[in-house]
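2 protein chains.
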Amino acid sequence: MNYTKTEENYLKAIFSLYNKENKEVSTNMIAEKLKTKPSSVTDMVKKLANKNLVKYEKYKGVTLTKKGNNIAINIIRNHRIWEVFLVEKLGYKWDEVHEIAEQLEHIKSDELIDRMAEFLDNPKFDPHGDPIPDKTGKFAERKKAVLLSEIGIKEKGIIVGVKNTSNDFLQYLEEKSLTLGKQIEVIKEFDFDKSRNLSIENKLITISKEVCNNLIVEKIIA
Amino acid sequence: MNYTKTEENYLKAIFSLYNKENKEVSTNMIAEKLKTKPSSVTDMVKKLANKNLVKYEKYKGVTLTKKGNNIAINIIRNHRIWEVFLVEKLGYKWDEVHEIAEQLEHIKSDELIDRMAEFLDNPKFDPHGDPIPDKTGKFAERKKAVLLSEIGIKEKGIIVGVKNTSNDFLQYLEEKSLTLGKQIEVIKEFDFDKSRNLSIENKLITISKEVCNNLIVEKIIA
DNA sequence: ATAAATTTTTAGATTAGTCTAAAAATTTAT
DNA sequence: ATAAATTTTTAGACTAATCTAAAAATTTAT
Ligand SMILES: [Mn+2]
Ligand SMILES: [Mn+2]
Ligand SMILES: [Mn+2]
Ligand SMILES: [Mn+2]
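Each protein sequence line maps, in turn, to chains A and B. Numbered by my numbering, the letters in the first sequence go through residues 86 to 307 in order. Numbered by my numbering, the letters in the second sequence go through residues 86 to 307 in order.
Structure follows, in structure tokens:
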């Protein structure tokens, strides 16, 4: 079975929406995510249902079948492994790789991805801290990972991921040195707007509530 | 300007046919090369002509415009650079890379290919000995390159390329150790069928006329 | 120079993916 | 519970790329 790029992108979209909402994915949500029209989604979803990749009932939304889920996870594996390659081997910055990985993820060859993974020493996380599923589809777990907004004053953590992966946010973080692996300590929070002072690399910086809500850290139990 | 995978494949086919025949490329030839039907070729060729990528006159065949030529060369550059990557970095054999490179060559990002080339130390030839055009479209030249069938008895040469790149032929060569960089000496030729005895790595082997006609060697002027 | 064979083009259909506009179903508000 | 708003589906049309069958042009053979 070989699927088109479009089918794969639908499955990936349904996967990520389902895992955010934990319920049937609506036509409108898919349309918005894929920047297409709801009527197009209805058509495609019927096609995917015929191929047993999604479960679909009129007016009731869509979920992935086991088969559809496997395919989606595989594409995500491809995407993230390519992102690692682009950053680690070709020197791209983390905000420059997503669009190219969107293309590379559709290259059809399991052998290729296995060799790439091996070439890259079987990475468990991509340049944005997102877990890379293994060949069997299992995602690595980050222990004790919480949002920066969820840890208390005087507590320390290591940046291990971003919830929002937009290029704008990634570039902002780059500028503030808030990159993966960096250690931070929450110094204080301003009641006014819930912005926080952090200590990072011996410097003190202030970041907004927005930023705190989108940075994933691993708590350091002192 | 961004072209579809199909358009790119047509341009590449026209490029390679034109450079073999040195005259307008016929509808049937393109159809055969791309495993499609002549009527489909006519349609596509009209489209390419409208986009100024080919010069086309009804019943008179096709040639590439400067613009079409540039695009074709660029795809070939992509293809060959990816083949180098697959062999050098991922350990593929030279008969295993073509199909994957056929997919990878269509990834849209000039930046990516430039970085790949740099990562691979700007290779001038691909794993089959074919020259890789540089960014400006210039192909490297192999000096003194001739077919093995064209050098005389007692003469020596180094294998630098293959005229036929079918997997069957590549696998045959692999088995006989007739791989790029190997030195050979022509020991004798049998009048009966023009097969030849070669000395390679201190062993004596016999190869057919067919093989001689498809191996490119650089003559060693002793 | 005509006829036969071959090549190329045209005409009309098909499939994947998309769109707009309108109809139908569902959800939300009164 | 009815009406209003929203969501989803259907109907019909479009583009890219392909195909088959038939017509037209070109080339080759007699
Ligand atoms: Mn990405
Ligand atoms: Mn990522
Ligand atoms: Mn190749
Ligand atoms: Mn090659």
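From the three backbone atoms N, C-alpha and C, an ideal C-beta is built for every residue, glycine too. From a predicted model like this one, the values you see are computed outputs, not experimental measurements.
Contact check, residue i vs residue j, beta carbons under 7 Å
| i | j | result |
| --- | --- | --- |
| G246(A) | G214(A) | yes |
| S194(B) | I185(A) | yes |
| E93(A) | I198(A) | no |
| E240(A) | V271(A) | yes |
| I192(A) | L149(A) | no |
| M114(B) | L133(B) | no |
| K152(A) | L138(A) | yes |
| G242(B) | K304(B) | yes |
| K273(A) | N287(A) | no |
| N163(A) | E190(A) | yes |
| I217(A) | K228(A) | no |
Simplified DSSP assignment, three categories, for residue i
| i | result |
| --- | --- |
| P123(A) | helix |
| I192(B) | coil |
| N291(B) | Strictly speaking, residue 291(B) in this sequence is Thr, with Asn absent from that position. In this structure, T291(B) counts as strand in the three-state DSSP scheme. |
| E270(A) | strand |
| N137(B) | coil |
| K304(B) | strand |
| A230(B) | strand |
| F254(B) | helix |
| K241(A) | strand |
| L283(A) | strand |
| T55(A) | Residue 55(A) cannot be examined here, being either before or after the span of chain A that is shown, 86 to 307. |
| V247(B) | strand |
| F210(B) | strand |
| V169(A) | helix |
| V110(B) | strand |
Nearest-angstrom Cβ-Cβ length linking residue i and residue j, presumed shorter than 8 Å
| i | j | result |
| --- | --- | --- |
| K145(B) | E109(B) | 6 Å |
| S280(B) | S262(B) | Incorrect: roughly 18 Å between the Cβ atoms, too far for contact. |
| Q256(A) | D180(A) | 5 Å |
| G266(A) | I244(A) | 7 Å |
| D219(B) | R165(B) | In fact, because the Cβ distance is near 11 Å, the residues do not count as touching under 8 Å. |
| T250(A) | L258(A) | Not confirmed; about 10 Å, so no contact. |
| V130(A) | K140(A) | Incorrect: roughly 10 Å between the Cβ atoms, too far for contact. |
With 16 other Cβ atoms within 10 Å as the buried cut-off, status of residue i
| i | result |
| --- | --- |
| I156(A) | buried |
| F275(B) | exposed |
| T89(B) | exposed |
| G176(B) | exposed |
| T112(B) | buried |
| A225(B) | exposed |
| F277(B) | exposed |
| D253(B) | exposed |
| N104(A) | exposed |
| M86(A) | exposed |
| K120(A) | exposed |
| I158(B) | buried |
| K122(B) | exposed |
| D97(A) | The sequence given here has Lys at residue 97(A), not Asp. It counts as buried. |
Item to check | Three-pair Cβ contact test at 8 Å for the segment 163 to 174 of chain B versus the segment 196 to 213 of chain B | outcome: yes
Checklist entry - Would you say the segment 222 to 240 of chain B touches the segment 292 to 307 of chain B, given that touching needs at least three Cβ pairs under 8 Å? => result Because the criterion of three Cβ pairs below 8 Å is met, the segment 222 to 240 of chain B and the segment 292 to 307 of chain B touch.
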